[in-house]
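Asks: One structure coming up, written as structure tokens, with questions to follow.
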Amino acid sequence: MTKKYLILSYLIIFNLSYCFAQTNTENWDTKWYTNYSVESFKQLPLIHRKIYDSIFDYRLLDAAVFFRTNEERIKYNLPEFKFSMELEKTALGHSIDMVQNNFYSHESPVKGKRTLSDRLALSGIKNVAGSENIYDYNDADPSYWSLANQLVEGWMNSKGHRENILNPEYKFLGCGVWPYDNKEWPAFYFFKSTQNFCSNYTKKPIQIMDVPILKN
């Protein structure tokens with residue numbers, strides 16, 4: 040085999056391996072939310088792994104933010120939030136929209152998603168009390184748990200966001216975090232994050248969001 044073909048074969052193998060790394064996650068399953076307490080979740084080795092460009096498990100990070108938020112509820116003797124797939128869909132969708140459309144606001148420029156009520160309705164949630172926390176955050180060397188911790192601490196240090204987390208009327212929570220590049224600060228990882236809260240609601244069948252593959 041000539042040198043030219045050896046190089047070509049290497050590039051093909053490298054590219055296939057890279058594409059696999061982009062999508063090879065731990066595949067956190069939403070059914071597992073009921074399998075873990077805050078304390079047992081914190082003992083999982085995989086949540087203390089570093090976040091890398093080549094592999095990003097967004098559902099694991101969403102779960103880390105969820106359990107870290109419930110840690111605050113426990114601290115203040117409040118009932119823990121129940122996980123809502125519909126709220127996770129809404130929160131993750133808003134974070135992705137903020138990244139892809141380059142905005143940072145509770146009001147979205149995306150057609151049909153302007154307000155939180157609009158976005159909740161698209162996920163099958165209507166006529167409920169609800170609210171939203173967002174955060175544009177960066178870190179140089181985050182793990183899944185350390186990033187979740189920093190996000191929740193930031194919200195807890197802000198009066199309005201803290202009130203949402205500790206509001207006893209809210210029963211359900213869904214979290215969504217999405218990364219983005221900032222060429223001015225290449226050594227840092229940047230994330231736009233959303234939490235959606237609501238009171239009791241009747242679940243309606245929805246389709247699981249088809250999340251696009253990350254591109255570096």
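40 is the number of the first residue of the sequence shown in this note's numbering; add one for each residue after it.
Ideal Cβ positions, reconstructed from N, Cα and C, are used throughout, including at glycine.
1. Would you tell me roughly how many angstroms separate the C-alpha atoms of Tyr176 and Lys70, rounded to the nearest one?
2. Inspect the beta-carbon positions of Ser232 and His87 and report whether they are closer than 7 Å.
3. Checking the sheet assignment: what are the DSSP bridge partners for Pro218?
4. For Ile94, which three-state DSSP category applies?
5. Cα separation between Lys198 and Asn172?
6. Whose C-alpha, out of Tyr209, Asp96, Glu119, is nearest the C-alpha of Phe106?
7. Among residues of its own chain, excluding the 5 on either side of Tyr115, which ones have a beta-carbon nearer than 7 Å to its beta-carbon?
8. Give me, in chain order, the residues of the same chain whose beta-carbon lies closer than 7 Å to that of Tyr174; leave out the 5 immediate sequence neighbours on both sides.
Replies: According to the structure data:
1. For Tyr176 and Lys70, the distance between alpha carbons rounds to 28 Å.
2. In this structure, His87 does not lie closer than 7 Å to Ser232 by Cβ.
3. Paired residue(s): Phe230.
4. Reduced to three states, the DSSP call for Ile94 is strand.
5. A direct Cα-to-Cα measurement between Lys198 and Asn172 gives close to 11 Å.
6. Ranking Tyr209, Asp96, Glu119 by Cα distance to Phe106 puts Glu119 first.
7. Counting only Cβ-Cβ distances below 7 Å, and skipping sequence neighbours, we find Leu205.
8. Contacts found: Leu190, Gly193, Trp194, Ser232.
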